[in-house]
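Using mature numbering (1 follows the signal peptide of the UniProt record, and there is no 0), the letters of the sequence shown map in sequence onto residues -22 to -1, 1 to 958.
C-beta atoms are modelled at their ideal positions from N, C-alpha and C, and glycine is treated no differently.
Reading through the structure tokens given below for one structure.
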Amino acid sequence: MEIQHKLMLLGVFLLWRRECQSTQLFNNIEPSACGLNQYFQFSSLTCVACGEFQQRSPDLVSCTCQPGAKLVSYFGGPVKTCQPCAPPKVVTNDGWGCSDCPTGRPYDSTLKKCASCVSPLQHQTDRSETGFLLTRKTCLQCQSDTSPSTNEGVCRRCHSQVLKVTGGASCACPTDDVFTGGVCLSRTSGIPADDTTSYIIRHKNNFMSAYFKEYFRAAKVLCQENQNFTACQQLGNLCVMLMYNEDNSNRAATDACKEYLILVRASTDYVDGITDWPRNMPWLYYKDDGSTVVLEKENVPQAFTRGEILKFNLVSYRVNGSFLDIRKDPSILQLCPQPMSMTEKAFTMTNQYSIKCQMSIAKLLQQDTVFFDMFLRVDNDKSQYPVPVLVDNVQTRGTFVNRDTERKNWKLNRRFFLIDKYSGLGIIDDSVPSFIQYASSIELNFQLIDNGKFYPPLLKIHYDVHDVDPVTMETDLVNIEFKVTYTMDTSQLDENIKITVGVLSALGVVYALVKISSWRRREGIAVLDCTSCMLFIVYVSSALALIFLAVIFVTCIQWQFFFKRQSTVIRVLPTADQEHLIASLLVAAFVMKFFDVVYILYSQIYVDIFFIDWERPRGSQVTGTDGHTVTTPVSVMRTLFVANEWREIQTIRRIKPTFQVILVVLFLQGFGFQYWATTDPVNRLSVDRNIDYVGETNLCLRIAVVSLLYFVIAIIQWIIYGFLYERFVGDAIGDFIDFCSMSNISVFVMSQRQYGHYIHGRSVHGRSDTSLYELYEQFQREEDNLCGKRGLEPNSERQTFEMGITVRFRNEYSKILQPLLSRETQGARRGQQNMSRQNPNLPGSNLTPALERSVKAYNQMNRYLSSFVEHAIRENDYFVKDKLLLEKLLKNELQPPEEKSVFYNDDGRSFTSILLYGQEWSLLLFNLLLFLIVDWLSGWNAILAGFIAYMAEIIITSVRDSFGKKNLAEKTMVDERFLI
């Protein structure tokens, strides 16, 4: 038992070892890779050496006996035995024996065969009538209606056409008749003249084709006289190779197409009553119905759903006209090599398919020349519908009629080929074609009607001709393209887009008129001037940019939704013209938005701004040896702090550009949202490119996806920052208003000549320049409601206002402001003048006269504005009121202030309109448009588009910060060195 147990373990080990040694990897061997004396054994997929006295067969998958050797044994397996015949014996006709040559016919030791019989009508036989093997071959005469069969040793009946011409008397074509195309033709049979114009390929520099010369006349005669199926099909194939040329129809010259059409017109029996399709001939032309009628027939009886596989029959014929088969797989239309999983996607309903590749001439020459008639299988494969063909190369009187944009001028056909390597065979050398014709571009187009139905599909083909050079044909590359497209009549949609754009543009112009009217009122301009006209154009641009983008977004969103999610097909992708319209609107929107953003920056960086310091001196002090008493100066540090805070909030944003761009690119590229913009009707976020077909990126779908991501991410940022961050972490704008109150400083901003904003920052405690202890005491008093409220009006918390000021106030304001803006003052403040020399008008002062005037103007402006706010100037007073509802909606004032200025209660912090914070959506739309433009022009490079969009935001922020800083320093007397 122990020995048996050990033997069992040993056996298991050996089996396990054998299994482990098997790698399941085999050599990948092609039949052509086997040696000259080897054949490809298809059972084992290996190369096996041929036996003694054997050679490889032409099909590469077996061995045959060498010339002069007979078969000894062979039963269909790998073992075959051959034995040479002893000279001068030769191998019998069946290959299994040896016999002597016929009397008088010598043995050829080189070819190891007997010389031919004396008469070409004789054949060599090596068996008796009863099948007995003769020791010597004999030459026998064939009967008059037969001829020797090559290598068979028997007589075969002659071609029926030869017997028809000779009356059955002989297999030799009479010298008075014509032998062409392998048949004998009687000169009385209406054979076309042997005219060179019948054999030329006109679209290839009138090339003389040997194939046409050999077979054209035979095909025509056999089709005309005998209704020979193969000959009629061959005549049709010759016409197809001529690109359906009809220019000889009214000329003395003839060709395959002219003869074909003559035979069609002479026919009386048709298939299904279609007079373009004689029963015994191929269907090549649509002559009865014009192209418009054919392409707009609503007789495809089936409705298709999204994702359904379209089925076709491709009836195929060899170049000689013989029937090949009916192919069910339409992927043969794709010359570009692709995995089966990819090619199947081409014929999935609504899948916009496109593939391009390059192929060598040598590779094309390996393809068979096959002619196809295409049918669409419908009604559960019970019926088939003919697919018309639009050959781009068809010419009529030198004009490419099928390149016309008017469909009514098209000429439709039925038959087509992919590769033609026969028409290029020359008269002198017909071994290799001088050129090939190939389908360089194939487009299968479906025009949808509605509810999943479509008009007859149309196969569009463009043929190119390429010369064949045996030396370079391996490296000569040509471009190949195959597409499946879907279109529908969307002219109504085009009209709707144009009408919508037109109507909304008119409203945009009205809006611009309201805006320019408001601007002129706020500027106090009564007459029309150049500035008003230019600004009107800017306002129109701003409105149109928003309108164009809105129309594009809504249009593309509905396209994306219906195309990607429809079950019954009701919508296809936009046409090339529609994409051009969308692209034009996109570019126009971007250009106009660019000017709008430039104006926004300009209007923000040149506002008039002043910080009103409400702090008053707290007493006087004695200075110097003479006991001179001066007022205690008020510290300027609070103003510096407020100025720096203002500078910081100039560029603050709710929607952070960095997050915005990074998240958009991340969702597009990283999370696969880019696949929502492809031409295949599948919604997915990931693909396996080895098995999945991924369509091209469509402009309209890309706009929809990118815009949707932009808006969703921006809205989320807006909500998080506006409703969460500002409420629970920090509100920069609200903190600035609080800081003004703590600093006892108000902000007076004039964004236009008679319009501006006011932030009331006067401390309810009367002063802010105090100790830390007093500061906390003030906070405590506010918390305990032991002091007044911070608002401008009594018992009010409202601190922000819009201002409409009178002309009188503005003139006084400008008069006081003038010294602050003079070039001399600005130069002195920048240190361009000698600051060390003393002021002659003010002994002991080191300030220049310009700076002295500037300081004086600053103090005067501070007193003037504080007095104005306190209602201390009778001739320049103001009152506070709410805006009317219409004024709020229009963001406009219906009446300009005349006697008194007006402070409008502002609950929405309207002063942020002069900050980037208040222009979020304008900047977001500009950033989106820039992203879309760069993404489109760069070939859908989202990373590059994101980088450019981000850099644009950096530039905008830098410009706003830099010029805003300079303007702040000029208008507030705060030196740039203190703005950090």
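### Message
Could you compute how far the alpha carbon of Lys334 sits from the alpha carbon of Gln312?
### Response
Counting from one through the sequence shown, the residue named residue 334 turns up at place 356. Counting from one through the sequence shown, the residue named residue 312 turns up at place 334. C-alpha separation (whole angstroms): 10 Å.
### Query
Would you say Asn423 and Gln362 are within 8 Å of each other, going by their C-beta atoms?
Sequence index remark: in the sequence shown, residue 423 carries index 445 (1-based). Sequence index remark: in the sequence shown, residue 362 carries index 384 (1-based). Not a contact, by the Cβ cut-off of 8 Å.
#### Entry: Alpha-carbon spacing of Lys236 relative to Lys191, whole angstroms
Counted from its first residue, the sequence shown places residue 236 at position 258. Counted from its first residue, the sequence shown places residue 191 at position 213. Rounded to whole angstroms, Lys236 to Lys191 spans 16 Å at the Cα level.
### Message
If I measure Cβ to Cβ from Ile405 and keep anything under 7 Å in the same chain, skipping five residues before and after, which residues do I get?
### Response
Mapped onto the sequence shown, residue 405 falls at position 427. So the list reads Met186, Ala188, Lys191, once near-sequence residues are dropped.
#### Entry: Segments of 4+ residues assigned as alpha helix (DSSP H) that fall wholly inside the segment 844 to 873
863 to 868
### Query
Which partner residues of Glu830 appear in the DSSP bridge assignment?
Reading the sequence shown from its first residue, position 852 is the one you call residue 830. In DSSP, Glu830 forms no bridge with anything.
### Query
What's the call for Asp351, buried or exposed, on a 16-neighbour Cβ count within 10 Å?
For this step, residue 351 is matched to residue 373 along the sequence shown. Buried, since its Cβ has 16 or more Cβ neighbours within 10 Å.
### Task
State the Cα-Cα distance for the pair Ala521 and Ala484, rounded to the nearest angstrom.
If you number the sequence shown from 1, residue 521 lands on position 543. If you number the sequence shown from 1, residue 484 lands on position 506. Each residue's alpha carbon lies about 10 Å from the other.
### Task
Check whether the Cβ atoms of Met337 and Val446 lie closer than 8 Å to each other.
Mapped onto the sequence shown, residue 337 falls at position 359. Mapped onto the sequence shown, residue 446 falls at position 468. For Met337 and Val446, no; Cβs fall outside 8 Å.
### Task
Could you tell me the boundaries of the alpha helix (DSSP H) in which Cys534 lies?
Position 556 of the sequence shown holds residue 534. 508 to 543 is the extent of the alpha helix (DSSP H) around Cys534.
### Message
According to DSSP, simplified to helix, strand and coil, what is Gly712?
### Response
Numbered from its first residue, the sequence shown carries residue 712 at position 734. The answer is helix: DSSP assigns Gly712 an H, G or I state.
### Query
Taking Cβ positions, are Leu563 and Ile530 nearer each other than 8 Å?
Here residue 563 is taken as the residue at index 585 of the sequence shown, counted from 1. Here residue 530 is taken as the residue at index 552 of the sequence shown, counted from 1. Contact: yes.
### Task
Whole angstroms is fine: what's the gap from Asn215's alpha carbon to Gln536's?
Along the sequence shown, one-based indexing puts residue 215 at 237. Along the sequence shown, one-based indexing puts residue 536 at 558. When rounded, the distance between both Cα atoms is 47 Å.
### Query
Candidates Glu790, Asp716, Gln732: which alpha carbon is nearest Phe757's?
Residue 757 sits at position 779 when you count from the first residue of the sequence shown. Comparing Cα positions, the closest option is Asp716.
### Message
I need the boundaries of the alpha helix (DSSP H) containing Ala621, first residue and last residue.
### Response
Here the question's residue 621 lines up with position 643 in the sequence shown. Here the alpha helix (DSSP H) through Ala621 covers 615 to 627.
### Query
Near Phe301, which residues of its chain fall below 7 Å by C-beta distance, leaving aside the five closest residues on each side in sequence?
Taking the first residue of the sequence shown as 1, we reach residue 301 at position 323. Cβ neighbours of Phe301 beyond the five flanking positions: Tyr295.
#### Entry: For Gln61, the first and last residue of its enclosing beta strand (DSSP E)
Taking the sequence shown and counting its residues from 1, the one referred to as residue 61 is at position 83. It spans 58 to 62 - the beta strand (DSSP E) in which Gln61 sits, taken as one unbroken run.
#### Entry: Ile287 in three-state terms, based on DSSP
Along the sequence shown, one-based indexing puts residue 287 at 309. Three-state result, Ile287: strand.
### Message
Taking a contact to mean a Cβ-Cβ separation below 8 Å, would you say Cys28 touches Gln16 in this structure?
### Response
Position 50 of the sequence shown holds residue 28. Position 38 of the sequence shown holds residue 16. Yes. Within cutoff.
### Task
Kindly indicate which three-state DSSP category Pro366 falls into: helix, strand or coil?
Within the sequence shown, residue 366 is the residue found at index 388, counting from 1. DSSP places Pro366 in coil when its eight states are reduced to three.
### Task
List the DSSP bridge partners of Asp351.
Taking the first residue of the sequence shown as position 1, residue 351 is located at position 373. Its beta-bridge partners are Val293, Arg393.
### Query
Would you say the beta carbon of Pro126 comes nearer than 7 Å to a heavy atom of the ligand HEM?
Ligands displayed in this structure: none; no statement on the ligand HEM is therefore possible.
### Query
Going along the chain, which residues of its own chain have a beta-carbon closer than 6 Å to the beta-carbon of Glu948, five neighbours each way excluded?
Here the question's residue 948 lines up with position 970 in the sequence shown. The answer is none, since no qualifying residue turns up.
### Message
Just to confirm before moving on: does the CB-CB distance between Leu220 and Arg392 stay below 8 Å?
### Response
In the sequence shown, the residue the question calls residue 220 occupies position 242. In the sequence shown, the residue the question calls residue 392 occupies position 414. No. Outside cutoff.
### Message
Within the continuous beta strand (DSSP E) that includes Tyr238, where are the two ends?
### Response
Position 260 of the sequence shown, counted from the first residue, corresponds to residue 238. Element bounds for Tyr238: not the beta strand (DSSP E) but the alpha helix (DSSP H), 234 to 244.
#### Entry: Cutoff 6 Å; reference Asp309; Cβ partners in own chain excluding five residues on either side
Counting from 1 along the sequence shown, the entry for residue 309 is found at position 331. It is Ser, not Asp, that sits at residue 309 in the sequence shown. Thr321, listed in sequence order.
### Task
Report the three-state DSSP secondary structure of Asn226 (helix, strand or coil).
The count along the sequence shown starts at 1 and reaches residue 226 at position 248. Reduced to three states, the DSSP call for Asn226 is coil.
### Message
I need the straight-line Cα distance from Ile921 to Val643, nearest angstrom please.
### Response
Here the question's residue 921 lines up with position 943 in the sequence shown. Here the question's residue 643 lines up with position 665 in the sequence shown. Taking the straight line from one Cα to the other gives about 6 Å.
### Message
Three Cβ pairs or more, each shorter than 8 Å: is that satisfied between the segment 508 to 528 and the segment 903 to 913?
### Response
yes
#### Entry: Where the alpha helix (DSSP H) containing Asn690 begins and where it ends
Translated into positions along the sequence shown, residue 690 becomes position 712. The sequence given here places Val at residue 690; Asn does not occur at that position. 677 to 697 is the span of the alpha helix (DSSP H), which, as asked, contains Val690.
### Message
Restricting to Cα atoms, I'd like to know which of Thr453, Val462, Glu452 is closest to Ser419.
### Response
On the sequence shown, residue 419 is found 441 positions in, with the first residue counted as 1. The residue with the shortest Cα to Cα distance from Ser419 is Val462.
### Straight-line gap, Arg831 to Asn837 (C-alpha atoms, nearest Å)
For the purposes of this step, residue 831 is taken as residue 853 along the sequence shown, with counting starting at 1. For the purposes of this step, residue 837 is taken as residue 859 along the sequence shown, with counting starting at 1. Cα-Cα distance, rounded: 10 Å.
### Message
Three or more C-beta pairs under 8 Å: does that hold for the segment 353 to 370 against the segment 277 to 291?
### Response
yes
### Task
Rank Phe413, Gly75, Asn71 by C-alpha distance to the C-alpha of Gln61 and give the top, closest one.
The count along the sequence shown starts at 1 and reaches residue 61 at position 83. The candidate whose alpha carbon is nearest that of Gln61 is Gly75.
### Task
State the Cα-Cα distance for the pair Leu820 and Ala567, rounded to the nearest angstrom.
The residue labelled residue 820 in the question sits at position 842 within the sequence shown. The residue labelled residue 567 in the question sits at position 589 within the sequence shown. The predicted position of Leu820 is uncertain, since its pLDDT is 46 and thus under 50; a value taken from the coordinates is nonetheless stated next. If you take the alpha carbons of Leu820 and Ala567, they lie about 59 Å apart.
### Query
From what residue to what residue does the alpha helix (DSSP H) around Gln582 run?
For the purposes of this step, residue 582 is taken as the residue at position 604 of the sequence shown. Where Gln582 is concerned, the enclosing alpha helix (DSSP H) stretches over 554 to 583.
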